[in-house]
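A short worksheet on the structure shown next.
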Amino acid sequence: MTNKVITQLNQVTDLPLPLFPFFKLCQSLKTKGPPELWRPFLKDKTAILYFEEVSTRTRLSFELAAKKLGLTVLTLEGGQSSHVKGESLKDTLENMAWLSPDVLVVRTAAPTLPKTQASIPTINAGTGATAHPTQALADLLTLFEAHHNALPPLAIGYCGDVSRSRVFQSHMRLKKLWPDLSVSLCAPTPIKNIPNYDGPFTYFSSRQAMAKKANVIYSIRPQKERSLNPDFKGDALTEPTQFYKIEPQDLTDSTWLMSPGPINYETDMNPSLLTHPRSLIPRQVENGLYVRMALLALALGVPQ
Ligand code: CP
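Per our numbering, the sequence shown runs over residues -12 to 291.
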């Protein structure tokens, strides 16, 4: 066990532990729950969750994670906060910090998280099109478990609206934690470059051709909400996304299928694939809970 503390988990590279001890902590929380030693330390701690953008999986798993740790949890949605009256994200977080919670969890359409003066540990639950570190860590833990607690070299083929996806951005940063990850894309053109990633990638114009080369097919839905955001600086979606819809014949007996959700079945994948034997999608959701428990505990500085 560890007593390292997160001050701001904005990217996967801010993880305060090496990858495998972090996975061990997540798995221990999954099989045994929080250690007894943590209970007296956590019982008076408070988490504020601020979700300026909508969410199902991330919000519920953070709330459940905080409750399983025994924290007092306050959740505020952007639409019910003074954001509606023109308060900036920085001011909102500053005001939350003045209430002295022990940890903040924030989802926003803004590209980065402002730091509060009070330096309350803050976890990124999704920022604009730039980062979704807890999803990327849940995905890598899921692949680790799918390979019997090992990470072989992985060839991941991303299929869909990659250039506007924050999950994709955080996956590219995973390469700093797991360099044996090769990247291919089947995505609406033009893919000129991948922000925050200067490594090699292979572009396929055919979904079927990409699927033949990938161990993992990772589906990314059309991120229509990004084009509506005036802060978004990326490419507009110029092609019909139905072109990237994954069908059962794209999977072999050794290909994994993943998606961060939500899934739009008309564009992303055949509905039968959600519970296909090669689908890791339910396990990604499950692991999101334990990754978030571990990150909250690390942010709170649980005792060894
Ligand atoms: N994967 C993900 O972030 O889903 P939600 O937007 O529902 O939280």
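Heads up, the beta-carbon is just placed ideally off N, CA and C, and yes, glycines get one too. All figures in this text were calculated on a predicted structure; none of them were measured in a lab.
Quick check on DSSP: helix, strand or coil for residue i?
i: L127; result: helix
i: I233; result: strand
i: Y145; result: strand
i: S169; result: strand
i: A112; result: strand
i: N(-3); result: coil
i: L244; result: strand
i: V203; result: strand
i: L36; result: strand
i: T121; result: helix
i: I294; result: Nothing about residue 294 can be read from this structure; the chain reaches only from -12 to 291.
Can you tell me whether residue i is buried or exposed, with buried defined as 16 or more other CB within 10 angstroms of its CB?
i: K32; result: buried
i: V(-1); result: buried
i: H119; result: buried
i: F131; result: buried
i: F7; result: exposed
i: E298; result: Residue 298 lies beyond the range of the chain shown here (-12 to 291); nothing can be said about it.
i: Q236; result: exposed
i: N(-10); result: Bear in mind that a pLDDT of 44 at N(-10), under 50, signals an unreliable position, so the model cannot answer this.
i: N(-3); result: buried
i: M(-12); result: Confidence at M(-12) is low in this model, with a pLDDT of 42, below 50, so its placement is unreliable and no value can be given for it.
Between residue i and the ligand CP, is the CB less than 7 Å from at least one heavy atom?
i: H263; result: no
i: G66; result: no
i: S42; result: yes
i: H158; result: no
i: T79; result: no
i: H375; result: No answer is possible for residue 375: it lies beyond the span of the chain, which begins at -12 and ends at 291.
i: P249; result: yes
i: R46; result: yes
i: Q(-2); result: no
i: G113; result: yes
i: Q122; result: yes
i: H119; result: yes
With distances taken between CB atoms, is the gap from residue i to residue j smaller than 8 Å?
i: G147; j: Y252; result: no
i: S157; j: A196; result: no
i: T79; j: H70; result: yes
i: M256; j: S206; result: yes
i: V289; j: L29; result: yes
i: F155; j: S171; result: no
My understanding is that residue i touches residue j, with C-beta atoms under 8 Å, so please give their C-beta distance in whole angstroms.
i: W243; j: N202; result: 7 Å
i: A53; j: A34; result: 4 Å
i: E40; j: A96; result: 5 Å
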